[in-house]
Structure formats: C-alpha cells, structure tokens
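Accompanying notes for the structure given below.
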Amino acid sequence: MTKITADHRGRSAFVYIRQSTADQLLYNPESRRRQYGLADRARQLGWTTVEVIDDDLGRSGGGVNRPGFERRLAAICEGRVGAVFAIEASRLARNGRDGHTLIEFCALVGTIIVDEDGTYDPRHPNDRLLLGMKGTMSELELSLFRQRSHEALKQKARRGALFLGVAAGYVRIGHDRIETDPDQRVQDALRLVFTKFTELQSVRQVHVWLRDEGIRLPVACHKAAEGRSIAWRLPLYNTVHNILTNPVYAGAYAFGRTMSKVSVEDGRRRVSRGVRRPLAEWDVLLTDQHEGYISWSEFERHQQMIADNATGKGSAAVRGAVRRGKLLLAGLLRCGHCGRKLYVGYGKAGRYYCQGALVNHGTERCISFGGLRADHAVGSEVLRVLKPLGVNAAVRALEAQTSQTSAAQRQLELALQQARFSAAHARRQYDAVDPANRLVAGELERPWNEALQVVHRIEGEIAAL
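When the count follows the numbering used here, it moves up by one through the sequence shown with no breaks and lands on 512 for the last residue.
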C-alpha cells in the first residue's frame, strides 16, 4: 500500500457500483453487496470522505446515458478524487474506449485505482500497462461469452426447440414443443382475424372492423409473480399486424426474424432493436413444425398482400390498397410511359395524372386525363361482366353480413361463458368463508361483484347485437 499517500487520502474516495441489466439487479444481489462493501474498505485504508456512485445500476453501456460514469469522470478532472474503488479494474468502464479515457485522466491528476487485487497508479508505466491489459482481456472475455451463448441458442433453434416466448394461441408442452391453446375462445378469436383478412385484404380494415364490433383479442402477458397469462384487450393496429405476420400461426418455427441496427447520433451509439428482416434472411425457418391456424401457402399469400398494400415512400413498385375518393380507379392505374402510379386530383372534376417525369427530370407530366370518362368506361364494363352474377353476388353479400354478425356474437357468447365461470368461481370462494369474518369476506365480495358487472355488460352487448 505504499502507493497510497497522504495526498490521496486528503481527497475523496469514489466507489463506483455498476450492474448492467435489470435481471442482474433482481437475481445477482451478492455482487451488489460486494461493491457496496468497498466503501468500508476505503475507510479502513484511511479515507474519511467516501462517495458511493450507483447511478448506473441497471443501465447497459450501449447507447444509453450513464450519469454515474460522467459524474465520476468530472470529479476526477476537477482533482477532487484521490482513489477510485471497484471490485476489479475492468468494471470501471463499459468498454475499452471509456476505460482508457478514465485511466488517462487519472494519470494526469494523480488519482489511484484500487480493486480487490491491488492498487494501481496510472502514472507508473507498469501499472498503466496492467490496467490496459485487464480492460482488453475483459472485453475479449465478454465477447467470447456472448459468442458462445449466441451459438448455443442458434444450435437449439436449428432443431426448432428454442422458445424464448410463446405467442397467444399456443401453450408450451415440456421445454421444446408448443401446441394450440385448448381455450376455444382464444382459438376462435385468432381464426376470426385470419378470416376477416382474407375477406377485407387489409390489416387496417381488419383492425377497424374488430374495434367497431368491440371484439377483444388475446394478448400474452408475463408477470414475475403470476407467470404467463392471457389478457383480453381491444386490438391495436400492431396487435393485428403481428398476428398476421407471425409465422407461428402458420405452423412454422422461425428464429432470427429481427435484428439490432447500430447508428451514431450526436456522437453516441444508438441501438435500434426489433428491426424486421426479409424472410430470406431469417436464421431458421422450419415449416410444418406444429398445428397452425392457417396453412403456409395462405401465410405467404397474406404476406404478399400486405406488401402490395404498402403506400409509403419507396413503394412505387407495389400494387397499393384501394384508396378513398370520388374517382373509381384511385390507386389502381399506372402510367403507360414510366410505369409509375397515377395521382388523383380533385377540382371541378377529378383527373388522373402522372408526375414521374416532372419529379425525376423536371419536364412536363407524362400523362393527364379526366377521370369521369375513364371511370364510366371501366364501371360499365365491370357491370356488364357482373350482371349475370348479380343474384349470386347479392346472396353472398347477405351471407357475409350474417356471418359478420354471427362472428361477433360468437365471440361475445364465449366471453360470456368465461365471465360466468369467473363469477361462479368468485362466489364459491365467498361461500367458503365464514360471513362473520368480514375482513376476509369483504375482500372476496369485491371480485365477485366485479365479475357480475362484467357478466351484465356482456349480456347487454349481446342483447344490443
């Protein structure tokens, strides 16, 4: 301990505590106790002023702000720090760049570094070399751990046996297999989503129809205390989109559908997780692995239909969904010169026009013509072709309307069965308690009343339907 001088003890000792993830905070408390215990060691070595920095607990080093690291570095630059304590020198920073920066500033102001192995003075070449080697070896060790664990996951995924989570509509059987959820309400709700998409051919329209009919969809919830459970919620657009694009519902096992994308913004690394990859780039795709709600060929048709419905930037080559407006052919016509979609303009009368040449070359529009004559010609031809099928079309329209009502009513009836079961279960719990014990009976009466209210609400919805 000859490297520790009175000058070092005259300044503050900083104890830097860090655990990267929330899981480490929850399941690795012993490491945290060891780090907090360094404050006692600093006092034993003669420091009277000890400051503990734990602002970075639960913060990963990649792409996030670390106020604790920055506060400690600022204090070192101000010359207020005599020693920095950590369990090991490699834990002083999240990566080699920050570690070398910290060592450089410690050497400039004469701050020593103390870990469980010894004391290091960055002004000494040997100590500085040892600190650098420790940081480099720590980074290499971390990279090897990640590589081994990732390869082990991929090896298990190639067998179709890796399930990090189970989608709503399926339950885990053992450790390496899934089956359809035995709950009939869950099955019917998911099949309804696929049926309506086949009919409406638009994710947005399916979402709107489900919301208008008040049909709730199952969502998998994960709680530490209760484990996995199913919650019923009015669907968001992303909920419907995820159901229609998840290959698990087509009986396929897929791994590596998303990736992380790294970018640099304002001098800091930003990691965007969950970026979707094209199907051809998925790491693993095994079809016919389990029972599906649709066939694989149906799934592929759905994906092509969703891709064709794209209307955002860069989607000039896709077909596009039918758009609203007075003109009949909005979003369906293409320019005969450049192949781009025709725009629609509404003034005194609607017009179709192409501005591909105007945008790309600054020249006049390729083509522009009135929409009334074109709509009349196309509409007359469509009616001529469909006229012999008019009666059948009307019958099918009535059947479709009836099926929509039946589907909504079916979902409400299943929800009512589940609500009545919950109410009966709550009543049995209430009846099993001595009514004189109001502390317990009053608490059990509350969920019973709530269940009865749900039953009453669903009965009212069925009556209204």
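From the three backbone atoms N, C-alpha and C, an ideal C-beta is built for every residue, glycine too. The structure presented is a predicted model; accordingly, all values stated were derived computationally and were not measured.
Which residue marks the beginning of the alpha helix (DSSP H) containing residue i, and which one marks its end?
i: C124; result: 114-124
i: C401; result: No alpha helix (DSSP H) contains C401, which is instead part of the beta strand (DSSP E) from 397-401.
i: G146; result: 143-156
i: V432; result: 418-433
i: I353; result: 343-355
i: E77; result: 76-83
Under the rule that 16 or more other beta-carbon atoms within 10 Å means buried, what is residue i, buried or exposed?
i: R58; result: buried
i: R138; result: buried
i: Y393; result: exposed
i: P265; result: buried
i: T158; result: buried
i: S196; result: exposed
i: H171; result: exposed
i: V429; result: exposed
i: E312; result: exposed
i: H423; result: exposed
i: V10; result: Residue 10 lies beyond the stretch modelled for the chain, which goes from 48 to 512, so this question has no answer here.
i: Y63; result: buried
i: F61; result: buried
i: G84; result: exposed
i: Y284; result: exposed
i: K181; result: buried
i: P282; result: buried
i: H472; result: exposed
i: L459; result: buried
i: Q66; result: buried
For residue i and residue j, I'd like the C-alpha separation in whole angstroms.
i: L73; j: L379; result: 55 Å
i: Q336; j: I225; result: 9 Å
i: K388; j: Q350; result: 21 Å
i: S362; j: A354; result: Unreliable positioning characterises S362 in this predicted model, as indicated by a pLDDT of 48, which lies under 50. A coordinate reading is not provided.
i: V502; j: R81; result: 54 Å
i: G165; j: P294; result: 54 Å
i: T286; j: K203; result: 28 Å
i: L491; j: F468; result: 16 Å
i: F192; j: L200; result: 12 Å
i: R330; j: I123; result: Looking at the sequence itself, residue 330 is Asp, so the reference to Arg does not match. For D330 and I123, the distance between alpha carbons rounds to 46 Å.
i: D223; j: V213; result: 11 Å
i: L461; j: S276; result: 18 Å
i: W279; j: A267; result: 9 Å
i: K360; j: V99; result: Note that K360 scores a pLDDT of 46, beneath 50, so its modelled location is shaky; the value from the coordinates is reported in the next line. Spanning the two alpha carbons is a distance of roughly 51 Å.
i: Q231; j: G339; result: 15 Å
i: V240; j: V253; result: 7 Å
i: L237; j: A215; result: 9 Å
i: G417; j: L374; result: 10 Å
i: A154; j: D168; result: 7 Å
i: T52; j: G129; result: 9 Å
i: T96; j: E117; result: 20 Å
i: E125; j: I150; result: 15 Å
i: G507; j: L499; result: 12 Å
i: R56; j: R219; result: 59 Å
i: L332; j: S453; result: 36 Å
i: S319; j: N75; result: 27 Å
i: Q194; j: C382; result: 51 Å
i: T305; j: L189; result: 23 Å
List the endpoints of the continuous beta strand (DSSP E) containing residue i.
i: L30; result: In the structure displayed, the chain extends from 48 to 512; residue 30 sits before or after that span and is not available.
i: A130; result: 128-132
i: A2; result: Outside the shown range of the chain, which is 48 to 512, sits residue 2, and nothing can be said about it.
i: G392; result: 390-393
Would you list the residues sitting across from residue i in a DSSP beta bridge?
i: L264; result: R280
i: Y340; result: None, per the DSSP bridge assignment.
i: H269; result: R275
i: T166; result: V161
i: R381; result: K388
i: I100; result: Y63
i: I414; result: C401
Shorter than 9 Å from the beta carbon of residue i to some beta carbon of chain B?
i: D164; result: The chain inventory of the structure shown lacks chain B, comprising one protein chain alone.
**Study point:** Complete alpha helix (DSSP H) runs within the region 169-250 (minimum length 4 residues, chain order)
**Key:** For the region 169-250, whole alpha helix (DSSP H) runs of length 4 or above, ordered along the chain, are 172-205, 231-247.
Exercise for review: Return the chain-ordered ranges of every beta strand (DSSP E) run that is complete within the region 288-336 and spans a minimum of 3 residues.
Suggested key: 300-302, 305-312, 315-323, 331-333, all fully within the region 288-336.
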